[in-house]
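Below: the structure, in structure tokens.
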Amino acid sequence: MQTVTDTFYANTISKLRKLNWKLYISWNKSFNESVSFFTIGSSTIGGIDIIKGVGDVVQEWDKYAYTDYSNRVLQFEWTREQDPYIGGAIMSIADIVLDNHDDMLTPNQPGSVVSANILPWRPVRIYAGFKDEVVPVFVGLIENMPDVDTKSKTVTIHCIDFMQSLFNFPLDTAVILQNNRTDQIISTLLQLAGLGPTQMSLDTGQTIIPFFFADKGTKLGDCLRDVVSADLGRLYMDENGIIRFINRTNWLSNTSTSWVFNRSNTIERRTTTDDNIINVVEVHSSARQVLDNQKYWQLSDTVTVPAGSSVDVWADFSDPVVTVDAPSYIDSATTSLYETSSLDTLSVVTHQYAISYLMTFTNSNAYPVDITNIELWATPVPATKLIYAREQDSDSITKYHQRPQDITNDYIQDITTAQSLALMLIQDNKDFNPVRELDIIGVPQLQVGDTIRVTDEKVSDLYSVTKIVSKMIPTNFIQTITCVKKTIRTYFRIGISTIGSSTDVIAP
Amino acid sequence: MAYTGSVNVPVYLGGVALPLYASIVDTTEPNLSKNLTLDGTLVIDYYNNRRSWTITWNYLTAAQHDSIRVLYDNQFLSNVMPTFWIPSVNLAVPVFINIVDKDIKWNGSMVENFTIVLQEGYGIS
Chain W
66 MQTVTDTFYA
76 NTISKLRKLN
86 WKLYISWNKS
96 FNESVSFFTI
106 GSSTIGGIDI
116 IKGVGDVVQE
126 WDKYAYTDYS
136 NRVLQFEWTR
146 EQDPYIGGAI
156 MSIADIVLDN
166 HDDMLTPNQP
176 GSVVSANILP
186 WRPVRIYAGF
196 KDEVVPVFVG
206 LIENMPDVDT
216 KSKTVTIHCI
226 DFMQSLFNFP
236 LDTAVILQNN
246 RTDQIISTLL
256 QLAGLGPTQM
266 SLDTGQTIIP
276 FFFADKGTKL
286 GDCLRDVVSA
296 DLGRLYMDEN
306 GIIRFINRTN
316 WLSNTSTSWV
326 FNRSNTIERR
336 TTTDDNIINV
346 VEVHSSARQV
356 LDNQKYWQLS
366 DTVTVPAGSS
376 VDVWADFSDP
386 VVTVDAPSYI
396 DSATTSLYET
406 SSLDTLSVVT
416 HQYAISYLMT
426 FTNSNAYPVD
436 ITNIELWATP
446 VPATKLIYAR
456 EQDSDSITKY
466 HQRPQDITND
476 YIQDITTAQS
486 LALMLIQDNK
496 DFNPVRELDI
506 IGVPQLQVGD
516 TIRVTDEKVS
526 DLYSVTKIVS
536 KMIPTNFIQT
546 ITCVKKTIRT
556 YFRIGISTIG
566 SSTDVIAP
Chain X
-19 MAYTGSVNVP
-9 VYLGGVALPL
1 YASIVDTTEP
11 NLSKNLTLDG
21 TLVIDYYNNR
31 RSWTITWNYL
41 TAAQHDSIRV
51 LYDNQFLSNV
61 MPTFWIPSVN
71 LAVPVFINIV
81 DKDIKWNGSM
91 VENFTIVLQE
101 GYGIS
């Protein structure tokens, strides 16, 4: 639940509500020049520059110069939804219908001051509220060209949040991290995508991943999903544009009831056919493990180094390596070496990459020298550690039959972690947890992940919000929320819980 | 419905003084939606209010009618809403002119029971 003022809360629960909203678009993507920032690497995310924030700049999206288009809004619809992937992300989209009576928002329309910049990937911010107060509900980018309806004189724009654009970011370098917590890995990856440390708020991860490897070109989202899944946490961009990682403990132990939905603020309610039962979990992983130092690569053809010059020799590995011994002239059979036909020695400068190794040989002689052999000794990290864990709950299977869930995640790298994750998933989902949909009087500050109480004629239970579809026209604001019945389990947290406490239990 | 104006109050539309009218009715309507919850609670979301003025003439000459008709046509030609001005109540707002055609009755060179509705271009809080 976003924090709001008492006045905002009072307006939210009022029976006569004066709606307010704000729509800001930066068509020309201009920035506040007083803010210093720079572009990382290729500086593109899906073809669009993403600028890294520094210093006291909290969010990059704040730096765009926005124009207020609130008075053109005919309809907003924004949706925030939890990724169905276990432990996945929360994504949001928005669709906005704008008045275009004067064709100002028609691309390439003569006379329009902005038409030349009516393009995809323009930053958008949406706020909603009452009277003079609004709260942020969406920050993102226009995904496609606007849909222009010449008959009704409207344009419709579809937006995705910045998180989705970040997820499409391809790593421009391979990444190896050893013995890092999940939050440390997430932080490293997001910083590679151009985000500053102040642009994210990450819980301390509860899982240490012995060896994290992501090859160059891997989509950031693919890595992040698996890392977050290994922790059973949640990763999302909040309504203010801050990326948050919530570990499983904090996600599940959120006992604060954000809102009570009863017959006086609910327009319609339905029970879905989803039951969310999981009573059998199989975890598969092809984990990487660091092997002993060993002979790992050998030169296939002779390389000639001309007199007085240098030659680069690249060794490309099939798997990442932790260490590579620099080659020296026929020294030892248990370390890297090189041999030359003329028995001459060469100077060699090396540089190690994740899955390759560069050797620059320099020949200071007045004649060419042939390198006839190079052998590299290294500590490779192949994905040879196959992990399989299967856990089940017999009582639940008796009641509901088998409800399996497969998890394939190479960042689950030991059997204990795999078993623990499987047991936690079963513990949380072995019983029937009803999923309900409620059409409600709109609450702008409500967030996915909030714990709500749903009260009807006979029962009053806690639910966790997993999806919110918000619809606002200038004269109406309603939402459809999807929520799943929540059983609060407070797991023991070092530094927070008390030994001997009856409330916090040790996680499986 | 707020008030029925005096027939003696001069009013102007698009800078043109309108002929003396039989009645002028000021109406204020909120832009709102009503939501009924499960227990029957009425929750109203609104944004603003919108006013309109209904002006009726018992009789107009053909020339007077034509002058109003010109104002009606001009709003479409110029894409600009004319200003409705009642100096006595310090009111000057852009309006859309709608002619209630069914009330037009020709009687030789006169028009009988002629009504226009002026809808305010912008909402008010």
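Which chain is which? The protein sequence lines are W and X, in order.
All letters in the first sequence, in the order written, are residues 66 to 573 by the numbering used here.
All letters in the second sequence, in the order written, are residues -19 to 105 by the numbering used here.
Cβ atoms here follow ideal geometry from the backbone N, Cα and C, with glycine treated the same way.
Whose C-alpha, out of W/N245, W/I505, W/K550, W/V534, is nearest the C-alpha of W/V524?
W/K550
Excluding sequence positions up to five away, which residues of its chain have a Cβ less than 8 Å from the Cβ of W/D133?
K87, L88, Y89
What does a CB cutoff of less than 8 Å around W/S95 pick up in its chain, not counting 5 residues either side in sequence?
Y129, A130
Rounded C-beta distance between X/N15 and W/I506? I'm assuming under 8 Å.
About 6 Å separates the two Cβ atoms, so the contact holds.
List, in chain order, every chain W residue whose beta-carbon is nearer than 9 Å to that of X/N78.
Correct list: empty, because the minimum Cβ distance to chain W is about 18 Å.
Use the C-beta contact count for W/P175: other C-beta atoms within 10 angstroms, 16 or more gives buried, fewer gives exposed.
exposed
Taking all protein chains shown into account, decide if W/N165 is buried (16 or more other Cβ within 10 angstroms of its Cβ) or exposed.
buried
Can you tell me where the alpha helix (DSSP H) holding X/H45 begins and where it ends?
42 to 58
By DSSP, does W/Y74 sit in helix, in strand, or in coil?
helix
What is the C-beta distance between X/P(-10) and X/P74, in whole angstroms, given that I count them as a contact (C-beta under 8 Å)?
Not confirmed; about 19 Å, so no contact.
The alpha helix (DSSP H) that contains W/S599, what's its start and end?
Not covered by the structure: residue 599 of chain W. The range shown for chain W is 66 to 573.
Using a Cβ-Cβ cut-off of less than 8 Å, give me the residues of the segment 530 to 555 of chain W that come near chain X, in sequence order.
I538, P539, T540, N541, F542, I543
Quick one: is W/K495 buried, meaning 16 or more other Cβ sit within 10 Å of its Cβ, or exposed?
Label assigned to W/K495: buried.
Residues of the segment 198 to 222 of chain W with a CB closer than 9 Å to any CB of chain X: list them in chain order, please.
none
Which chain W residues are close to X/D6, counting only those with a beta carbon under 7 Å from its beta carbon?
Within chain W, no residue comes near X/D6; the closest Cβ sits about 22 Å away, beyond 7 Å.
Taking the alpha carbon of W/S583 as the point to measure from, which residue in X/F94, X/T17, X/Y(-8) has its own alpha carbon closest?
Residue 583 of chain W lies beyond the stretch modelled for chain W, which goes from 66 to 573, so this question has no answer here.
Find the nearest neighbour of X/L(-2) within the set X/L98, X/G103, X/I104, judged by alpha-carbon distance.
A check of alpha carbon separations from X/L(-2) across X/L98, X/G103, X/I104 identifies X/L98 as the nearest.
For W/H416, count neighbouring C-beta atoms within 10 Å of its own C-beta (all shown protein chains included) and say buried if the count is 16 or more, exposed if not.
exposed
Who pairs with W/R246 in a beta bridge, going by DSSP?
W/I273
List, in chain order, every chain X residue whose beta-carbon is nearer than 9 Å to that of W/K83.
D25, Y26, Y27, N28, S105
Which same chain residues, not among the five before or five after X/S13, have their C-beta less than 6 Å away from its C-beta?
D25
Pick from W/F195, W/E456, W/L170: whose alpha carbon is nearest that of W/T72?
Looking only at W/F195, W/E456, W/L170, the smallest Cα-Cα distance to W/T72 is reached by W/F195.
Is the segment 250 to 269 of chain W in contact with the segment 184 to 199 of chain W, if contact means three or more CB pairs nearer than 8 Å?
no
Anything in the segment 46 to 79 of chain X with a Cβ closer than 8 Å to a Cβ of chain W? List those residues in chain order, please.
none
With distances taken from CA atoms, which of X/Q55, X/I104, X/N38 is nearest X/G(-5)?
X/Q55
If contacts are defined as beta-carbon pairs under 8 Å, then W/D501 and W/T336 qualify, I think. What distance do you get, rounded to the angstrom?
Rather than Asp, the amino acid found at residue 501 of chain W in this sequence is Arg. The pair is a contact, with the Cβ atoms about 5 Å apart (cut-off 8 Å).
Using three-state DSSP, classify W/P445 as helix, strand or coil.
strand
Output the distance between the C-alpha atoms of W/V100 and W/D127, rounded to the nearest integer angstrom.
With a pLDDT of 44 at W/V100, under the threshold of 50, the predicted position of this residue should be treated as unreliable, though the coordinate-derived value follows. Roughly 10 Å between the two C-alpha positions.
Examine chain X for any beta-carbon lying closer than 7 Å to the beta-carbon of W/K577, and answer yes or no.
Because chain W here runs from 66 to 573, residue 577 of chain W falls outside it and cannot be looked at.
Residues of chain W with CB closer than 8 Å to the CB of X/S32, please, in chain order.
The premise fails here: X/S32 is roughly 17 Å from chain W at the closest Cβ pair, so nothing lies under 8 Å.
Report the three-state DSSP secondary structure of X/I104 (helix, strand or coil).
strand
Where does W/M489 sit, in a helix, a strand or coil, going by DSSP?
helix
Note down, in chain order, each residue of its chain lying with its Cβ closer than 6 Å to the Cβ of W/P331, except the 5 sequence neighbours on either side.
Per the sequence presented here, residue 331 of chain W reads as Thr, with Pro not at that position. So the qualifying residues of the chain are L503, I505.
Ignore the nearest five residues each way along the sequence and tell me which others in X/W65's own chain have a CB closer than 6 Å to its CB.
Y(-8), A72
Return the CA-CA distance between X/N59 and X/V69, expressed in angstroms with no decimal places.
27 Å
Report the neighbours of W/K80 on chain X: residues whose CB is nearer than 8 Å to its CB, in chain order.
T21, L22, V23, I24
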